Amino acid sequence: MPVMDYIEAIRLAMKEEMERDPDVFVLGEDVGVKGGVFTTTKGLQEQFGEARVMDTPLSESAIAGVAIGAAMYGMKPIAEMQYSDFMFPATNQIISEAAKIRYRSNNDWSCPVVIRAPIGGGIFGGLYHSQCPESVFFGTPGLKIVAPYSPADAKGLLTAAIRDPDPVLFFENKKCYRLVTGPVPEGEHVVEIGKSNVLREGDDITVISYSLPLHFALQAAEELQEEGISAHILDLRTLQPLDKEGILAAARRTGKVLIIHEDNKTGGIGAEVSAIIAEEMLYELDAPIRRLCGPDVPAMPINPPGEKFFMLNKDKVLAAMRELALY
Amino acid sequence: MKAATIHEIVMPQLAESVVNATIERWLKQPGDKVSMYEPLCEIITEKVGAEIPSTIEGTLVKLLVGAGETVEVGTPICLIESEAAGEPSVPAAQPPAASGERAAAAPALAGTPAGRPAAAEGMRGRYSPAVLQLSAEHGIDPSAVPGTGAGGRVTRKDILAYAAAGGRPAASQTPAPQAAQAASAAPAAAPQPGAGDRIVEARGPVRSTGLHLTETPRIPSVEIEGQAIPGRGETFIDVTPVRNTIASRMRQSVTEIPHGWMMIEVDVTNLVVLRGKLKDDFRKREGTNLTYLAFFIKAVVNAIKDFPIINSVWAVDKIIVKRDINISLSVGTEDSVVTPVIKNADQKNIAGLAHEIEMLARKTREGKLKLDDVQGGTFTVNNTGSFGAILTQPIINYPQAAIITFESIVKRPVVINDMLAVRSMANICLSLDHRILDGVICGRFLQRVKENLESFNSETHLY
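Residue numbers (numbering that gives the first Met the number 0), protein chains in the order written: chain B, 0 to 326; chain S, 0 to 462.
The structure is reproduced here in structure tokens:
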């Protein structure tokens, strides 16, 4: 299997889907001539032309609105939000229009749009370039939300998102872009939306997470293995709809659950995962459900010590995992 | 005792608003000797180019920032090794001290796990739902099961192990929790020292590249970079910092200041005669060209003294009239324009102004303007005649109140006392901030400039 960067896998998924289906097109700020500020769309305009890789004005609401309109008309747009932080002007379009059109039109209309947005901090980006907006969109019926942690999942989930008949938010982690490299299956590779994935089997604790923190958890699990603690790690992969069966099976495995995400703790994905477990399997819990998340402070600090405090890392994850294992 | 010491030279704060600067080129290379205050490199900031002088004498050891890179104020840009008499070198003393600290730290860490919270035995009798459920399923009394959890708590795994062992304490069959428990002592301390380093390593490359991960902002000099786009007959010119500054200042001026404009013509025949008479002599004596601009600035400055409001700034709820008359002089080069300042122009005579003009023009051409040379202007003079214009509509040098131009001197037939005469005529144009100034005051001001210019004659003194 070819080995590639996370960002290359995203680019490859778009390229292959654009080759496969002439209805697929990309739009966003600087996605064309520049190839995206992170180069996620590099080379696409040269290959597919300006009509299919469109540079837009600096207006996220318009980007989402145009994409939604095109999708309702049968196209398969991939709208890029340059940073997920800039996505909020488009929130009304996404939540009130894209998410609701199938329901509102009694199934007459659908909206097969993909909205890609880079999430996460740790890149010295400060408050406007580091946010995790999952919780803003999470809990909106009609939206699907995916957040891959590896290049293979990035490609497979983006391919699935593009082919999905409904709106999908694709939250790619910008710190993973070049930090994370891995094998990606050749040819068509689709990762089913709505299914979680066990990354590691273990018996002492269950870690449930998504996106970048999974890497910390995997590294920590390796080290804890030497201490005799074995961790079971579940990648949610899809944040909405959550894979309840997958979550419950993983939680049942050990009865000790640690949920990790970079988005802040209050009202985050972890709260919902925790509630599902509490509702369904209280009597199988062996410890209080734990969450390790970004702190409830308004924004990622720009100063390096502040950023370090805010961000999760392997040490923080390892400490939380060990503490739960020893409970 | 002589000891070499390495010093970091940092990017200095050149002005209050300057937060970063771009190294344009290094004037010294590693290995070069540098003396105190000797220029190390040339930098460009948002405002101006400058040279960074060395703050220490020694040998340049290493460049930390390459040419073309932009760094924040305070960032070390190079290392200089100085020969300084002093106590035993500090670096030599450090390692033992550091390792000593570590040695001291190690036992402390090793000590902690031993004293691991023998914690509240209170957890012994608290059973989780899972423990209760499994105990019931297997018919086990949880109080009989040895607990390996925190505070002696019976864990789910303890019950499973107990059940698997047929209802006996199953210490030997439960390696995992036991090991975990045993290991918990050591690891609690062990991972700490090393673990941090590893994570730093992991985040290293991403961290240093800033916001737009793929691009180190590259500041070109001035050259055109041809970037052929297939199917298009266009080239892209990278916007230089200077160009960018000009663009934003011009836009700010045009969008914020309601510009008014007026023009008058001046008969400078006498001035032409005067200058023709003096210039060769002046050149020989002073080594400087006696330009029309010097006379013009003198005439303008004297007019400003009579109409101080011209020398002011709009401050929304008030108008600030500047006492000092500092004339910004527009000096163009092939690809840019800057406005170095003649400070206290009202205190200089025509000869002094001529010197100042020549000095600033030379510094501009050589790119040697200091920040100080371009700050503090209160009114701008633009010698548009120098490039042949006879009529221009200048943009005010924000946040000043007005800008004046001196157009080409041309010979024209003029009617004087109903007779035709050939006179040397020049136009003078004024753009004004219409929030501060109106037609009447500006008309009077221009008339005064005109009078001053026309009153230069063979009696005029340069000194």
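Don't be surprised by glycine CBs; every beta carbon is placed ideally from N, CA and C.
The structure presented is a predicted model; accordingly, all values stated were derived computationally and were not measured.
In three-state terms, what does DSSP make of residue i?
i	result
residue 110/B	coil
residue 285/S	helix
residue 79/S	strand
residue 38/S	strand
residue 328/B	The structure shown does not extend to residue 328/B, since chain B spans only 0 to 326, so no value can be given for it.
residue 128/B	coil
residue 341/B	The first residue shown for chain B is 0 and the last is 326, placing residue 341/B beyond what the model contains.
residue 118/B	strand
residue 27/B	strand
residue 209/S	With a pLDDT of 34 at residue 209/S, under the threshold of 50, the modelled position of this residue cannot be trusted; read the value that follows with caution. Note: residue 209/S maps to coil in three-state DSSP.
residue 189/B	coil
residue 91/B	helix
residue 146/B	coil
residue 168/B	strand
residue 54/B	strand
residue 13/B	helix
From residue i to residue j, what distance separates their C-alpha atoms?
i	j	result
residue 79/S	residue 120/B	36 Å
residue 198/B	residue 209/B	11 Å
residue 145/B	residue 245/B	15 Å
residue 176/B	residue 7/B	8 Å
residue 252/B	residue 309/B	31 Å
residue 117/S	residue 123/S	With a pLDDT of 44 at residue 117/S, under the threshold of 50, the predicted position of this residue should be treated as unreliable, though the coordinate-derived value follows. Taking the straight line joining both Cα atoms gives about 12 Å.
residue 283/S	residue 253/S	44 Å
residue 237/S	residue 318/B	49 Å
residue 265/S	residue 446/S	9 Å
residue 34/S	residue 433/S	52 Å
residue 381/S	residue 63/S	41 Å
residue 155/B	residue 110/B	20 Å
residue 250/S	residue 337/S	15 Å
residue 364/S	residue 329/S	12 Å
residue 66/S	residue 76/S	10 Å
residue 282/B	residue 131/S	8 Å
Please work out which residues of its chain come closer than 7 Å, Cβ to Cβ, to residue i, disregarding the five sequence neighbours upstream and downstream, and give them in chain order.
i	result
residue 112/B	66, 67, 70, 76, 78, 97 and 166
residue 108/B	71, 100 and 101
residue 184/B	0 and 151
residue 36/B	29 and 81
Looking only at its own chain, which residues have a Cβ that is under 6 Å from the Cβ of residue i, when we skip the five neighbours before and after it?
i	result
residue 181/S	Reliability of the predicted coordinates at residue 181/S is poor, the pLDDT of 45 falling under 50, and the value obtained from them is presented with this limitation in mind. If we look at residue 181/S and ignore the five residues flanking it on each side, it has no Cβ neighbours.
residue 114/B	78 and 168
residue 431/S	259, 401 and 441
residue 206/B	216, 230, 232 and 257
residue 463/S	Nothing in the structure corresponds to residue 463/S, since chain S is present only between 0 and 462.
residue 153/B	5, 8, 9 and 147
residue 262/S	426 and 428
Assuming residue i is part of the alpha helix (DSSP H), what are its boundary residues?
i	result
residue 254/S	240 to 255
residue 301/S	291 to 305
residue 466/S	Nothing can be reported for residue 466/S: it is not among the residues displayed for chain S, which extend from 0 to 462.
residue 351/S	349 to 364
residue 134/S	128 to 137
residue 460/S	Looking at the DSSP string, residue 460/S is not in any alpha helix (DSSP H), and its letter there is neither H nor E.
residue 278/B	268 to 280
residue 307/B	303 to 309
residue 418/S	That residue, residue 418/S, is in no alpha helix (DSSP H); its beta strand (DSSP E) goes 418 to 432.
residue 219/B	212 to 225
residue 314/B	313 to 324
Consider the C-beta atom of residue i and the heavy atoms of the ligand FMN; say whether any pair is separated by less than 8 Å.
i	result
residue 308/S	The ligand content of the structure shown is nil, which means the ligand FMN is not present either.
Could you please give the first and the last residue of the uninterrupted beta strand (DSSP E) stretch that includes residue i?
i	result
residue 239/B	237 to 239
residue 64/B	Where residue 64/B is concerned, there is no enclosing beta strand (DSSP E), although the alpha helix (DSSP H) it sits in stretches over 59 to 71.
residue 290/B	289 to 293
residue 205/B	204 to 208
residue 47/B	No beta strand (DSSP E) holds residue 47/B; the alpha helix (DSSP H) holding it covers 43 to 47.
Can you give me the Cβ contacts of residue i inside the same chain, cut-off strictly under 8 Å, excluding the 5 residues immediately before and after it?
i	result
residue 263/B	131, 134, 292, 293, 294, 295 and 296
residue 408/S	267, 271, 291, 384, 423, 424 and 425
residue 278/S	288 and 289
residue 436/S	259, 308, 309, 400 and 401
- Query: Is the segment 214 to 230 of chain B touching the segment 262 to 276 of chain B, taking contact as three or more C-beta pairs under 8 Å?
  - Reply: When Cβ pairs closer than 8 Å are counted between the two stretches, the segment 214 to 230 of chain B is seen not to touch the segment 262 to 276 of chain B, the count staying below three.
- Is the segment 448 to 459 of chain S close to the segment 253 to 272 of chain S, with three or more CB pairs under 8 Å? Contact between the segment 448 to 459 of chain S and the segment 253 to 272 of chain S is established, with three or more Cβ pairs separated by less than 8 Å.
- Touch check for the segment 367 to 375 of chain S and the segment 413 to 433 of chain S: three-plus C-beta pairs under 8 Å? Too few Cβ pairs lie closer than 8 Å, so no.
- Kindly confirm or deny that the segment 426 to 435 of chain S and the segment 376 to 392 of chain S touch, where touching means at least three C-beta pairs closer than 8 Å. In short, these stretches touch, since the Cβ pair count reaches three.
- Three or more beta-carbon pairs under 8 Å between the segment 58 to 77 of chain S and the segment 21 to 29 of chain S, yes or no? Touching, yes, given that three or more Cβ pairs across the two stretches are closer than 8 Å.
- Query: Is the segment 15 to 32 of chain B touching the segment 43 to 60 of chain B, taking contact as three or more C-beta pairs under 8 Å?
  - Reply: Yes: at least three Cβ pairs fall under 8 Å.
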